[in-house]
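Reading through the structure tokens given below for one structure.
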Amino acid sequence: MTTTRMLRDTGVLTGRSLRHILRSPDTVITTAVTPIVLLLLFVYVLGGAISIGSDEPYVNYMLPGILPITIASGIAYTAYRLFLDLQSGIFERFRSMPIARSSVLWAHVLTSLAANLVSVALVIAVALLMGFRSGASVVAWLGVVGILVLFTLALTWVAVIAGLSARSVDGASAFSYPLIFLPFISSAFVPTDSMPGPVAWFARNQPVTSIVDTLRALLAQDPLDDQIWVSLFWLGAILVLAYALASLVYRRKVT
-7 MTTTRMLRDT GVLTGRSLRH ILRSPDTVIT TAVTPIVLLL LFVYVLGGAI SIGSDEPYVN
53 YMLPGILPIT IASGIAYTAY RLFLDLQSGI FERFRSMPIA RSSVLWAHVL TSLAANLVSV
113 ALVIAVALLM GFRSGASVVA WLGVVGILVL FTLALTWVAV IAGLSARSVD GASAFSYPLI
173 FLPFISSAFV PTDSMPGPVA WFARNQPVTS IVDTLRALLA QDPLDDQIWV SLFWLGAILV
233 LAYALASLVY RRKVT
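Position one of the sequence shown corresponds to residue -7 (this note's numbering), numbered consecutively onward.
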């Protein structure tokens, strides 16, 4: 199977998945609702009582932490759609056709990437209406997009594992709940220095904090420290391991 053939098959199947989303855009809107509500709640209700150690608007501090929550909320739909495809028997139909097997998974992954980027854009648009401002350069914004793309790909391959392994619809999407709540124990909402000792240690050393701090530095035009390398390490490690495990589970499912 040539690379050109695999890319063509992936493009066709991705188009199929995207059409499903276009027929029910509520999935994208629903994904954006939770982070937008959190943004409104923390900025307008709780923001005045939260100290971030600087005079910048709280929405500027909070937005980099809301974006990972947006993506973590959205990937649940990937596991859900993949589970439904398995249950409907479409995988058996694809297996009987002369298409690249990997294109089936990549179609779901690319659809997740497209849908989550739209959700992220909606959240940023709301943040702009709330007063978010950034003087970041085009290069810095490209860095933000790159980090978010890697984050989406890494979590989407985790979602693929859940979708292939789940035994019920609820099980297919429930895996995302810990991922959604993980940013709450990070630097997403408050500096880690304000947390009690054990909690602060966990917050500083879990993946989301380095990712949020990198996004925040890029948007605030602050110098990048070693957190960018820590975040890239976490994202690369999760992506490689999740892809390998998802491929293994998929091979066992289709053979």
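Just so it is clear, CB atoms sit at the ideal spot from N, CA and C, and this is done for glycine as well.
Assign residue i to buried or exposed, taking buried as 16 or more other Cβ atoms, counted over all protein chains shown, within 10 Å of its Cβ.
i, result
"His12", "exposed"
"Pro199", "buried"
"Ile21", "exposed"
"Asp248", "Residue 248 is absent from the structure shown; the chain starts at -7 and stops at 247."
"Asn251", "The requested residue 251 does not occur in the structure, where the chain is confined to residues -7 to 247."
"Phe225", "exposed"
"Ala146", "buried"
"Tyr242", "buried"
"Gly160", "The sequence shown places Ser at residue 160, not Gly. Exposed."
"Pro60", "buried"
"Arg208", "buried"
"Pro215", "exposed"
How close, in whole Å, do the beta carbons of residue i and residue j come, if the pair is a contact with beta carbons under 8 angstroms?
i, j, result
"Phe34", "Ala158", "In fact, because the Cβ distance is near 32 angstroms, the residues do not count as touching under 8 angstroms."
"Ile139", "Ser65", "The Cβ separation is near 17 angstroms, so there is no contact."
"Ile153", "Ala234", "6 angstroms"
Would you tell me roughly how many angstroms separate the C-alpha atoms of residue i and residue j, rounded to the nearest one?
i, j, result
"Leu142", "Ser179", "19 angstroms"
"Leu30", "Thr(-4)", "43 angstroms"
"Ser46", "Gly155", "43 angstroms"
"Val37", "Tyr50", "11 angstroms"
"Ser126", "Leu211", "6 angstroms"
"Gln213", "Gln219", "15 angstroms"
"Thr26", "Thr148", "19 angstroms"
"Arg0", "Arg244", "24 angstroms"
"Ser95", "Glu48", "46 angstroms"
"Ala229", "Ala236", "11 angstroms"
- Task: Report yes or no: do the segment 160 to 169 and the segment 70 to 80 share at least 3 C-beta pairs separated by less than 8 angstroms?
- Result: yes
- Query: Is the number of C-beta pairs between the segment 114 to 132 and the segment 171 to 181 that are closer than 8 angstroms three or more?
  - Reply: no
- Just checking, does the segment 202 to 209 make contact with the segment 112 to 125 on the three C-beta pairs under 8 angstroms criterion? no
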